[in-house]
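I have placed the structure first, in the form of structure tokens, so that the comments after it can refer back to it.
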Amino acid sequence: MSESAGDWMEAVREQYRGRGVGERLAAGRRPGIVVVDLINGFTDPACPPGSDLDAVVERTAELLERARAAGLPVFFTTISYEPRDLDELVWLRKMPALRALTAGSRWVEVDGRLAPRDTEPVIVKKAASAFHGTDLAERLAAAGVNSLIVCGATTSGCIRATVIDACAENYLVRVPRECVGDRAEGPHEANLFDIDAKYADVVGLEEVLDELPGVVMAR
């Protein structure tokens, strides 16, 4: 983060403190992991909407290893379009790079370094939020989840939209900073700041990992 960005963020953070914005939330006792769109189309810079997210994938793999050992449910999302979608969806007109994410292509597959297990659903979505037009909320309820750990890409798009909807669904949300990424630093940092102020707690991965031994999952 640049020094100038850090300066304005701290000034706004101080302003918010006196106005009841940005309170810290407790960690949930029954969390689920939602891995948003860490698919080849986003983690491979050769794809139009892709960028270098190697560090994000590496740290997310670390989180998944620990979460799986603790018995936490894990949910993945992908963006995948059928031919009929290409001319119908406004988002694809605004961001035509996403047209590369066609059903059946390698671009819509979860990055192989994260390798979803057979019990971990890959939920197909066509909009930014993991909740919009999907059965994610029903799956979370069935798994007994009362809080979320959200990771993936991109911070300014699908992460932000998913976190806002999760907050609207009354989930406590943790966003491990090292496990989310974007195509550029400015939007990434600005959106993490805003998410942390209004919708979720943005924390270090180590804090999330330290909390895992205290979770209690329904059996």
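Numbering (UniProt numbering), first residue to last: 1 to 219. For each residue, glycine too, the CB sits at the ideal point set by N, CA and C.
Local conformation of Y16 per DSSP, three classes
In the sequence shown, counting from the first residue as 1, residue 16 sits at position 16. The answer is helix: DSSP assigns Y16 an H, G or I state.
Assuming G186 is part of the beta strand (DSSP E), what are its boundary residues?
Here residue 186 refers to the residue found at position 186 when the sequence shown is read from its first residue. For G186, there is no enclosing beta strand (DSSP E); the residue is found in the alpha helix (DSSP H) stretching over 185 to 198.
Whole-angstrom Cβ separation of V124 and G32, contact assumed at under 8 angstroms?
Numbered from its first residue, the sequence shown carries residue 124 at position 124. Numbered from its first residue, the sequence shown carries residue 32 at position 32. The Cβ separation is near 18 angstroms, so there is no contact.
Does the beta-carbon of A115 have 16 or more other beta-carbons within 10 angstroms, so that it is buried, or is it exposed?
Taking the sequence shown and counting its residues from 1, one reaches residue 115 at position 115. Flag for A115 reads exposed.
What three-state label does DSSP hand G41 in the structure shown?
On the sequence shown, position 41 is the one that residue 41 refers to. Looking at G41 - three-state DSSP - the assignment turns out to be helix.
CB of A97 within 8 angstroms of CB of P48, strictly:
Sequence index remark: in the sequence shown, residue 97 carries index 97 (1-based). Sequence index remark: in the sequence shown, residue 48 carries index 48 (1-based). Contact flag set, yes.
Beta-carbon separation (whole angstroms), V74 vs C151, contact threshold 8 angstroms:
Counting from one through the sequence shown, the residue named residue 74 turns up at place 74. Counting from one through the sequence shown, the residue named residue 151 turns up at place 151. No, V74 and C151 are not in contact; Cβ-Cβ is about 10 angstroms, not under 8 angstroms.
Relative to the C-alpha of T78, which residue among E58, T102, Y199, L148 is closest?
Here residue 78 refers to the residue found at position 78 when the sequence shown is read from its first residue. Shortest Cα-Cα distance from T78 to any of E58, T102, Y199, L148 involves T102.
Using a Cβ-Cβ cutoff of less than 6 angstroms, which residues in the same chain neighbour A27 once the five nearest sequence positions on both sides are dropped?
In the sequence shown, counting from the first residue as 1, residue 27 sits at position 27. Excluding sequence neighbours, A27 sits near E211.
What are the start and end residues of each continuous beta strand (DSSP E) run of 3 or more residues lying completely inside the stretch 61 to 133, in chain order?
Entirely contained in the stretch 61 to 133, the beta strand (DSSP E) runs reaching 3 residues are, in chain order, 74 to 79, 122 to 125.
Output the boundary residues of the beta strand (DSSP E) element that contains C151.
Reading the sequence shown from its first residue, position 151 is the one you call residue 151. In the DSSP assignment, C151 falls within the unbroken beta strand (DSSP E) covering 147 to 153.
Looking only at its chain, what residues have a beta carbon closer than 8 angstroms to the beta carbon of G204, apart from the 5 residues adjacent to it on each side?
On the sequence shown, residue 204 is found 204 positions in, with the first residue counted as 1. Excluding residues within five positions, the ones whose Cβ falls inside 8 angstroms are P176, R177, E178.
D165, enclosing alpha helix (DSSP H) - first and last residue
Locating residue 165 in the sequence shown gives position 165, counting from the first residue. That run of the alpha helix (DSSP H) goes 160 to 168.
Taking R139 as part of the alpha helix (DSSP H), name the residues at either end of that continuous run.
For the purposes of this step, residue 139 is taken as the residue at position 139 of the sequence shown. Start and end: 136 to 142.
Based on Cα-Cα distance, which residue from V173, T60, V56 lies nearest to D30?
As a first step, residue 30 is located in the sequence shown; it is residue number 30 there, counting from the start. Note that residue 30 corresponds to Arg in the displayed sequence, not to Asp. Closest by C-alpha distance to R30, out of V173, T60, V56, is V173.
Give every residue of the same chain whose Cβ lies closer than 8 angstroms to the Cβ of T134, excluding the five residues on either side of it in the sequence, and list them in chain order.
Within the sequence shown, the letter at position 134 stands for residue 134. For T134, where only same-chain residues beyond five positions count, the Cβ hits under 8 angstroms are T77, I123, V124, K125.
When you compare each of A200, A184, D196 to A166 by their alpha carbons, which one comes out closest?
As a working mapping, residue 166 is identified with position 166 in the sequence shown. In terms of Cα proximity to A166, the closest of A200, A184, D196 is A200.
F169 versus S129 - alpha carbon distance
Taking the first residue of the sequence shown as position 1, residue 169 is located at position 169. Taking the first residue of the sequence shown as position 1, residue 129 is located at position 129. The residue asked about is misnamed: residue 169 is Glu in this sequence, not Phe. Rounded to whole angstroms, E169 to S129 spans 12 angstroms at the Cα level.
Which value, in whole angstroms, describes the spacing of the CA atoms of G18 and E138?
Position 18 of the sequence shown holds residue 18. Position 138 of the sequence shown holds residue 138. Just so you know, the alpha carbons of G18 and E138 end up roughly 38 angstroms apart.
Could you tell me which of A184, G104, I149 sits nearest to A67, measuring between CA atoms?
By 1-based counting over the sequence shown, the position of residue 67 is 67. Considering only alpha carbons, the answer is I149.
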